[in-house]
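Have a look at the structure below, then the notes.
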Amino acid sequence: MKNENRMNKKIDVIIVGTGVAGLYTALNLGKDKNILMITKDKSDASDSFLAQGGICVLKNDNDYQSFFEDTMKAGHYENNKKSVDLMIRTSPEIIQHLIQLGVEFENRDGELIYTKEGAHSKARIVYHKDLTGKEITSKLLAEVKKKENIKILEYTMMVDLLCYDNQCKGVVTSNNQKNIESYEADYVVLASGGLGGLFDHSTNLKHITGDALAISMKNNITIKNISYIQIHPTTLFSKKTGRHFLISESVRGEGAILLNKEKKRFVDELLPRDLVTKAIYKEMEEDHQEFVWLSLESLSEEIIKKRFPNIYLRCLEEGYDITKECIPVVPAQHYLMGGIQVDLNGETSMNHLYAVGEISCNGVHGANRLASNSLLESLVFSKRAANDIINKYESSLAFELKINYNDFMNLEELRKKYKKIILDEIKRSVSIEKSYKKA
Ligand SMILES: Cc1cc2nc3c(=O)[nH]c(=O)nc-3n(C[C@H](O)[C@H](O)[C@H](O)COP(=O)(O)OP(=O)(O)OC[C@H]3O[C@@H](n4cnc5c(N)ncnc54)[C@H](O)[C@@H]3O)c2cc1C
């Protein structure tokens with residue numbers, strides 16, 4: 443491993459992560475900022491690419507009240523009402539902007555078609571087959587690649603932040619040649635996604651491991667509710683190790699049902715995710731089974747192939763033809779509702795440091811996220827963060843900061859250390875929650 447001990451040229455804004463949140467921040471920062479985006483893997487290897495179901499939108503003013511209530515109810519009313527209000531009211535302009543950027547949503551003669559998922563009282567989700575995340579994120583990435591002021595460094599992991607006197611001054615990175623480097627910047631935006639990679643059973647990509655949470659804790663940046671972790675009720679059961687393949691909630695939204703060992707229905711499939719998950723675990727325990735069944739019998743072969751082509755093909759690869767038979771499904775870790783605490787503009791407790799997307803917590807999801815609210819939340823609040831940076835822009839003064847590069851030389855050790863910091867904090871906050879509930 444090489445120790446470059448090198449401070450690179452100063453950058454205006456560094457964005458950590460190339461998922462929807464990072465890309466949309468970059469696009470909204472405008473042409474005159476010199477922007478560096480870094481990502482641990484390839485630029486298209488993000489959970490944003492995996493999103494299947496869709497993205498929520500306020501269809502018309504008549505839906506405001508029920509959209510608000512559905513989001514609050516799913517979140518056990520622990521949501522920040524201001525965040526929810528902002529997300530819902532901003533959603534039409536975000537969807538319009540995506541369409542302008544070339545994103546194609548299912549439509550009939552230009553009129554958007556809406557679908558429904560669990561805990562939604564009305565159909566208000568726009569989608570692109572079962573590949574909505576890929577459609578949105580690939581178009582944003584293509585747009586970013588056209589901009590001369592934005593540079594993307596792939597296979598470059600943030601291993602620490604440069605901080606001085608509660609001000610963020612840049613990042614320390616390790617790349618795939620294992621060079622340790624530091625980049626100074628006026629502002630840093632953390633858009634590094636969730637933490638599913640820390641779990642054995644997760645729908646998330648393996649390299650999405652919540653590093654920014656450990657780095658924040660290490661640098662005394664406030665985090666919030668990191669034990670608020672969503673388990674998705676339906677991932678394809680497999681004995682193979684690795685990422686669990688998600689069976690989108692929109693499959694249930696379109697009429698698929700859950701069955702137990704006796705092939706009997708045992709739950710209302712469109713309850714909020716946490717309640718459906720609880721019912722599945724109960725059934726699995728009582729029946730001594732490793733999974734329950736999902737039946738798509740009520741959907742025609744034509745609809746399945748047209749609406750869920752990706753799920754259909756992936757299940758075929760695993761040996762299941764969903765047009766003809768039930769598939770075994772099991773809950774798995776899916777989403778982090780908590781994260782780095784931010785205000786409505788994505789500002790963290792550290793000056794010049796912002797967090798957006800799944801790694802941030804502005805309280806919009808409360809204790810449990812409503813399906814298809816996370817792509818929307820990422821886009822709404824990353825645009826706000828970009829605008830806030832533009833409005834407040836202040837160059838950082840030059841500084842002299844000693845970095846101990848040896849701290850980052852053994853990446854495996856560092857990964858283990860960061861994982862431990864996060865899992866210990868989750869355990870700690872779970873035990874605090876339990877004692878609150880007892881009191
Ligand atoms: C299978 C699946 C299906 C989903 N379906 C939906 C859906 O239908 N609708 C919906 O609204 N939401 C859905 N979600 C959730 C949604 O996709 C994510 O919450 C959202 O895309 C998060 O975007 P993000 O930009 O915050 O993070 P991500 O898209 O996860 O991107 C994180 C980025 O950070 C980089 N990174 C991480 N750590 C580091 C580091 N230390 N250094 C450098 N780079 C780093 C990663 O390489 C990546 O580029 C789904 C999620 C999954 C996993």
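Numbering of the sequence shown is given in the numbering used here, commencing with residue 443 and proceeding in unit increments.
All C-beta atoms in this analysis are idealised placements derived from N, C-alpha and C, irrespective of residue type, glycine included.
Contact between HIS776 and HIS649 is absent: CB atoms are separated by about 16 Å, not below the 8 Å threshold. Contact annotation: GLU546 and HIS570 have beta-carbon atoms nearer than 8 Å.
About 6 Å separates the beta carbons of LYS611 and PHE841, which is inside the 8 Å limit, making them a contact pair. A distance criterion of 7 Å places the beta-carbon of HIS570 beyond contact range of ligand 1, judged by its closest non-hydrogen atom.
The alpha carbon of ALA809 has as its nearest neighbour, out of LEU540, CYS768, ALA516 and LEU701, the alpha carbon of ALA516. Linking THR765 to LYS748 through their CA atoms gives a straight-line distance of about 12 Å.
Buried is the label assigned to LEU637, since at least 16 other Cβ atoms lie within 10 Å of its Cβ. Around the CB of THR664, fewer than 16 other CB atoms lie within 10 Å, so the residue is classed as exposed. Under a 10 Å Cβ-count criterion, LYS484 is classified as exposed, with fewer than 16 other Cβ atoms of the shown protein chains found around its own Cβ. Partner residues in the beta bridge of GLU789, as assigned by DSSP, are TYR796. DSSP places ARG694 in the helix class (H, G or I) of the three-state scheme. For GLN494, the distance from the CB to the nearest heavy atom of ligand 1 is below 7 Å. Secondary structure note for HIS539: its alpha helix (DSSP H) is the uninterrupted segment 523-542. Taking the CA atoms as reference points, LYS576 sits about 16 Å from CYS498.
Straight-line measurement puts the Cα of LEU865 at about 26 Å from the Cα of ILE622. Our two residues, LEU839 and GLU789, have alpha carbons roughly 20 Å apart in a direct line. With a threshold of 7 Å, the Cβ atom of GLY635 counts as near ligand 1, since some heavy atom of the ligand is closer than that. Rounded to the nearest whole angstrom, the C-alpha separation of GLY695 and LEU583 is 29 Å. Counting other Cβ atoms within 10 Å of its Cβ, PRO714 reaches 16 or more and is therefore classed as buried. Leaving aside the five residues that flank ASN470 on each side, the residues in its chain whose CB is nearer than 6 Å to its CB run, in chain order, LYS825 and ALA828. Here the region 682-689 makes no contact with the region 714-733; the two share fewer than three CB pairs at distances below 8 Å.
Within the same chain, Cβ atoms closer than 6 Å to the Cβ of LEU573 are found at ASN752, the five residues on either side in sequence being excluded.
Around the beta carbon of ASN804, 16 or more other beta carbons sit within 10 angstroms, so the residue counts as buried.
Between ASN646 and CYS605, the C-beta spacing is not below 8 Å.
Residue pairing for LEU478: DSSP places it in a beta bridge opposite ILE456 and LYS593. The C-alpha of ASP607 lies about 33 Å from the C-alpha of GLU520. Going by DSSP, CYS757 is part of the alpha helix (DSSP H) stretching over 751-759.
Collapsing the DSSP output to three states places GLY496 in coil. Of the residues assessed, GLY697 falls on the exposed side of the cut-off, its CB having fewer than 16 other CB atoms within 10 angstroms. Partner residues in the beta bridge of GLY781, as assigned by DSSP, are LYS666. Listed in chain order, the non-local C-beta contacts of LYS524 below 7 Å within the same chain comprise LEU786, local neighbours out to five positions each way being set aside. Boundaries of the beta strand (DSSP E) harbouring ASP602: 598-606, taken from the DSSP string. DSSP places ILE831 inside the alpha helix (DSSP H), whose first and last residues are 816-834. Residue range 715-729 is occupied by the alpha helix (DSSP H) that includes GLU727.
Residue state for ILE671 is assigned as strand, using DSSP reduced to three classes. In this structure, VAL568 is the residue among PRO773, LYS844, GLY799 and VAL568 with its C-alpha nearest to the C-alpha of ARG550.
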